[in-house]
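Going by my numbering, the first residue of the sequence shown is number 28, and it counts up by one from there.
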Amino acid sequence: MKAVGGWEKGETGKAGTIPTTVLTAASGDKIHVATQGRPYVLLVDGGPGNSIEYLSYEEPVTVKAPPAGSVIAPDPLN
Numbered sequence: 028m029k030a031v032g033g034w035e036k037g038e039t040g041k042a043g044t045i046p047t048t049v050l051t052a053a054s055g056d057k058i059h060v061a062t063q064g065r066p067y068v069l070l071v072d073g074g075p076g077n078s079i080e081y082l083s084y085e086e087p088v089t090v091k092a093p094p095a096g097s098v099i100a101p102d103p104l105n
C-alpha cells in the first residue's frame, strides 16, 4: 500500500466493534484509526482480499519456543 498525494480524513467506520476515523489515499486505500482510547491503526484496507485488522493491542501474548527439531542455527543460512 502506497499513498500517492497524501491521506484525506473522511467518514467514520468501525474495526470490529471499535469506532474509527477513516483516512483515504488518492489510490482508494483506507486506514481506520481508533477514535476511542489510543489512536491505533486498527484496519488497513487496500481493496478486496488485501486488508489486515489489528484488534488485540495491549493484550497479553503467550510465547512458546518451537521444538528443537524446527530450529536451525543462523550459520547454515549464509
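Ideal Cβ placement from N, Cα and C applies to all residues, glycine included.
Selection G33, Y67, A61 and K36 evaluated against P46 yields A61 as nearest (Cα-Cα).
In this structure, the beta-carbon distance from E85 to L70 does not fall below 8 Å. The DSSP-derived three-state label of D72 is strand. Assignment of beta-bridge partners to G40 by DSSP yields T47. In the three-state scheme derived from DSSP, where H, G and I count as helix and E and B as strand, A61 is classed as strand.
The three-state secondary structure of S97, taken from DSSP, is helix. Looking at the DSSP output, S83 bridges to nothing.
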